[in-house]
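Using this note's numbering, read the sequence shown as starting at 1 and increasing by one per residue. Where is the CB? At the ideal position from N, CA and C, for every residue including glycine. Keep in mind it's a predicted model, so treat the numbers as computed, not measured. Read through the structure below, which is laid out as structure tokens, and then see the notes.
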Amino acid sequence: IFASNTSTIPITALAKNSARPKNFIGIHFFSPVDKMMLVEIILGKKTGDKALATAIDFVRAIKKTPIVVNDTRGFYVNRCVLRYMSEAYKMLIEGVPAPMIENAAKAAGMPVGPLALTDETAIDLAQKIMKQTIRDLGDKAVDPKQMALINTLVDTHGRFGRKNGKGFYDYPAKPAKKKLWPGLKDLYPQLAPEKVDYEELKQRLLVTIALEAARVMEEGIVTDPREADVGSILAFGFAPFTGGVLSYIDGIGARKFVNIAKRLQKKYGAEFKAPKLLLDMAEKDETFYQRFDPYA
Numbered sequence: 001i002f003a004s005n006t007s008t009i010p011i012t013a014l015a016k017n018s019a020r021p022k023n024f025i026g027i028h029f030f031s032p033v034d035k036m037m038l039v040e041i042i043l044g045k046k047t048g049d050k051a052l053a054t055a056i057d058f059v060r061a062i063k064k065t066p067i068v069v070n071d072t073r074g075f076y077v078n079r080c081v082l083r084y085m086s087e088a089y090k091m092l093i094e095g096v097p098a099p100m101i102e103n104a105a106k107a108a109g110m111p112v113g114p115l116a117l118t119d120e121t122a123i124d125l126a127q128k129i130m131k132q133t134i135r136d137l138g139d140k141a142v143d144p145k146q147m148a149l150i151n152t153l154v155d156t157h158g159r160f161g162r163k164n165g166k167g168f169y170d171y172p173a174k175p176a177k178k179k180l181w182p183g184l185k186d187l188y189p190q191l192a193p194e195k196v197d198y199e200e201l202k203q204r205l206l207v208t209i210a211l212e213a214a215r216v217m218e219e220g221i222v223t224d225p226r227e228a229d230v231g232s233i234l235a236f237g238f239a240p241f242t243g244g245v246l247s248y249i250d251g252i253g254a255r256k257f258v259n260i261a262k263r264l265q266k267k268y269g270a271e272f273k274a275p276k277l278l279l280d281m282a283e284k285d286e287t288f289y290q291r292f293d294p295y296a
């Protein structure tokens with residue numbers, strides 16, 4: 001059995017070069033591997049039952065929690081994480097001071113701010129993912145302003161993230177603590193903090209992740225809401241007090257959540273467009289755990 005740890009490339013595409021595609025599967029670990037308990041198991045179109053069973057047994061044997069997802073670019077977790085990061089880049093470009101973005105994320109319940117998270121995973125990796133996405137899906141697949149931001153950090157300033165000691169943050173020698181790079185405020189005209197709606201920052205960061213999770217459910221990438229919730233908490237710490245990303249929507253109520261999304265879409269763009277699944281759930285006043293009842 002051949003297992004790939006790719007974080008974004010579709011497993012079906014990788015399996016094309018395999019003589020035994022039924023034995024090809026994705027086993028996606030999260031960084032830092034020794035601390036992160038979740039492993040995403042990804043099924044390609046031709047992945048067989050034996051490969052799946054072996055992958056699940058392997059993940060459980062190493063004392064980690066598996067979730068099984070169907071194939072798509074970025075799978076489940078990284079689609080949500082990339083939306084989280086992307087919304088933060090958008091805020092920076094709008095002129096929102098970087099400390100407000102990071103603090104809003106933590107105040108919303110996230111364990112790590114989106115800029116710090118980008119540093120941990122590496123800014124040059126984000127650049128590679130964006131470029132690969134453009135090659136595969138075309139120029140419109142990536143916001144050119146966000147691409148320009150990442151290119152400026154990597155190509156102009158040589159800021160790759162924690163791995164080279166400088167990214168959105170500066171990483172001095174211990175015991176000194178990391179600090180946001182002062183140069184960030186020179187990249188875009190800065191809004192005065194009192195003109196920024198802090199509560200809306202918090203809402204944008206959680207809602208954009210939740211909308212992506214709803215799209216993943218609509219597309220059948222994840223079919224069990226329990227796996228979506230568990231995955232969101234164990235992989236990137238989605239506001240644990242909510243019970244997970246789909247429980248967050250259920251807690252607000254589909255109708256109210258869709259109205260929030262419509263307001264944010266009008267103000268900030270198509271990323272906040274609610275998928276048809278959510279519109280239908282709002283009309284029927286359904287929850288995810290009713291619509292996709294795991295106990296039925």
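Asked	Found
Meets three-Cβ-pair contact criterion under 8 Å: the segment 57 to 71 and the segment 86 to 100	no
C-beta contact flag for residue 166 and residue 181 at 8 Å	yes
Span of the beta strand (DSSP E) around residue 39	38 to 43
Exposed unless 16 or more other CB atoms sit within 10 angstroms - verdict on residue 199	exposed
Residue nearest to residue 131 in terms of C-alpha spacing, selected from 118, 151, 269 and 163	151
Beta-carbon spacing of residue 171, residue 159 below 8 Å	no
Nearest residue (CA-CA) to residue 236, options 121, 15, 1 and 43	121
Enclosing beta strand (DSSP E) for residue 70 [first to last residue]	65 to 70
Start-to-end residues for the beta strand (DSSP E) that takes in residue 243	First-last for residue 243: undefined, no H or E at that position.
Within 8 Å, strictly: CB atoms of residue 95 and residue 190	yes
Inter-stretch contact at 8 Å, needing at least 3 Cβ pairs: the segment 279 to 290 / the segment 246 to 264	yes
At least three beta-carbon pairs within less than 8 Å, the segment 225 to 241 to the segment 266 to 279	no
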